[in-house]
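Report on the structure given below.
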Amino acid sequence: MSDDNKMTIIATKGTFDWAFPPFIIASTGVAMDKEVTIFFTFYGLNLLLKDTSKLKVSPVANPGMPMKMPFGPKWLQKIDFGPKIPNILWNIPGTEALVTWLMKKTMEKHGVAKIEELRSMCQEFDVKFIACEMTVELFGFDKSDFIDGVEFAGAAMYFDEASTGDHHLYM
Amino acid sequence: MADETLDASGLNCPLPILKTKKALSKMDAGKILDVISTDAGSVKDIEAFCNQTGNKLISTTEDGGKYIFTIEKV
Chain A
3 MSDDNKMTII ATKGTFDWAF PPFIIASTGV AMDKEVTIFF TFYGLNLLLK DTSKLKVSPV
63 ANPGMPMKMP FGPKWLQKID FGPKIPNILW NIPGTEALVT WLMKKTMEKH GVAKIEELRS
123 MCQEFDVKFI ACEMTVELFG FDKSDFIDGV EFAGAAMYFD EASTGDHHLY M
Chain B
14 MADETLDASG LNCPLPILKT KKALSKMDAG KILDVISTDA GSVKDIEAFC NQTGNKLIST
74 TEDGGKYIFT IEKV
């Protein structure tokens with residue numbers, strides 16, 4: 003594969019909603035014959051954990067997120083509850099789990115792939131996963147917390163990976 | 014007549030593309046794959062996929078919300 007087919011992504015976010023863009027773009031890129039590397043740093047490391055149940059979406063400080071019911075009558079499903087509910091209520095324990103559950107249900111209904119499915123397809127198609135060694139240590143992760151096939155390295159390796167190609171994305 | 018058929022009904026982006034890639038990778042060059050999808054976005058996506066990978070999109074047909082893409086593997 004030629005070098006100009008190279009693509010890299012820096013994945014920095016560790017919430018349920020933001021787990022999707024890096025894996026969707028990476029798996030699609032590699033399906034379209036690109037050679038893809040994802041560099042996971044800071045909270046992005048969460049996306050490589052064996053246990054993805056820790057990934058949650060929070061309605062707090064997430065004002066762009068539409069909040070619609072995945073079930074019920076049509077008129078109800080059309081209502082966006084996001085702007086209607088005062089932000090302070092989202093600080094009640096349990097709301098994060100509820101909102102994450104609702105988002106999972108909505109995705110299921112729309113035939114959107116699960117995070118684990120996209121992630122394993124990335125690996126099947128040989129997307130290279132690099133975990134930032136510095137932040138692995140900084141946040142007290144153990145290397146055994148992560149899925150198999152992850153390389154551990156630093157920013158210099160990212161630059162080596164990104165030295166060719168046209169697509170280099172920060173997410 | 015297609016050599017292989019992939020039913021990607023009910024799946025959303027990017028699954029139809031990923032499954033198409035997987036199906037094609039198991040086939041020999043010159044063989045024909047039919048992909049069935051209910052994702053309206055896959056019309057442009059399959060076209061772009063074929064464009065980039067060199068596989069030949071022979072035809073696209075729509076039948077009541079079901080799209081059928083006929084692809085020849087290069």
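Chains A and B supply the protein sequences, listed in that same order.
Counting in the working numbering, the first sequence runs from 3 upward without gaps.
Counting in the working numbering, the second sequence runs from 14 upward without gaps.
A virtual CB, placed ideally from N, CA and C, is assigned to each residue, including glycine.
Residue from A/F41, A/V32, A/M173, A/V101 with nearest C-alpha to A/L120: In the first sequence, residue 120 of chain A corresponds to position 118, counting from 1. The residue with the shortest Cα to Cα distance from A/L120 is A/V32.
Counted within 10 angstroms of its Cβ, other Cβ atoms place A/S165 as buried (16 or more) or exposed: Stepping through the first sequence from its first residue, residue 165 of chain A is reached at position 163. A/S165 should be labelled exposed.
Where B/K69 falls: helix, strand or coil (DSSP): Residue numbering aside, residue 69 of chain B sits at position 56 when the second sequence is read from its first letter. Strand at B/K69.
Backbone secondary structure at B/S50 - three-state DSSP: Here the question's residue 50 of chain B lines up with position 37 in the second sequence. B/S50 falls in the strand class under three-state DSSP.
Secondary structure of B/A21, DSSP reduced to three states: Residue mapping note: residue 21 of chain B aligns to position 8 of the second sequence, counting from 1. The answer is strand: DSSP assigns B/A21 an E or B state.
Identity of the residue in A/P23, A/V62, A/F143 nearest A/L47 by Cα: On the first sequence, position 45 is the one that residue 47 of chain A refers to. Here the closest residue by C-alpha is A/F143.
Within chain B, the residues that A/M173 reaches when beta carbons sit closer than 9 Å: For the purposes of this step, residue 173 of chain A is identified with residue 171 of the first sequence, where counting begins at 1. Result: empty, since nearest Cβ-Cβ is about 15 Å, beyond 9 Å.
Contact check, B/V48 vs B/I71, beta carbons under 8 Å: Residue numbering aside, residue 48 of chain B sits at position 35 when the second sequence is read from its first letter. Residue numbering aside, residue 71 of chain B sits at position 58 when the second sequence is read from its first letter. Not a contact, by the Cβ cut-off of 8 Å.
Residues bridged to A/H169 (per DSSP): As a first step, residue 169 of chain A must be located in the first sequence, where it is residue number 167. DSSP, once it has assigned bridges, lists A/M9 as partnering A/H169.
Three CB pairs or more closer than 8 Å across the stretch 55 to 69 of chain A and the stretch 83 to 97 of chain A: yes
Closer than 9 Å at the beta carbon, the chain B residues around A/H170: Locating residue 170 of chain A in the first sequence gives position 168, counting from the first residue. Ordered by position in chain B, no residue passes the 9 Å Cβ test against A/H170, which lies about 18 Å from the chain.
Of the residues B/E17, B/N68, B/K35, the one placed nearest A/D128, counting alpha carbons only: For the purposes of this step, residue 128 of chain A is taken as residue 126 along the first sequence, with counting starting at 1. Ranking B/E17, B/N68, B/K35 by Cα distance to A/D128 puts B/K35 first.
Cβ distance (whole Å) where A/F57 is taken to contact A/A21 below 8 Å: Your numbering for residue 57 of chain A matches position 55 in the first sequence. Your numbering for residue 21 of chain A matches position 19 in the first sequence. Note on identity: in this sequence residue 57 of chain A is Leu, with Phe being the wrong assignment. So it is a contact: roughly 6 Å between Cβ atoms.
Paired residues, beta bridge with B/T88 - DSSP: Residue 88 of chain B lies beyond the residue range present for chain B, which begins at 14 and ends at 87; the question has no answer from this structure.
Proximity test, Cβ basis, 8 Å: A/A115 and chain B: Your numbering for residue 115 of chain A matches position 113 in the first sequence. With 8 Å as the cut-off, A/A115 counts as an interface residue toward chain B.
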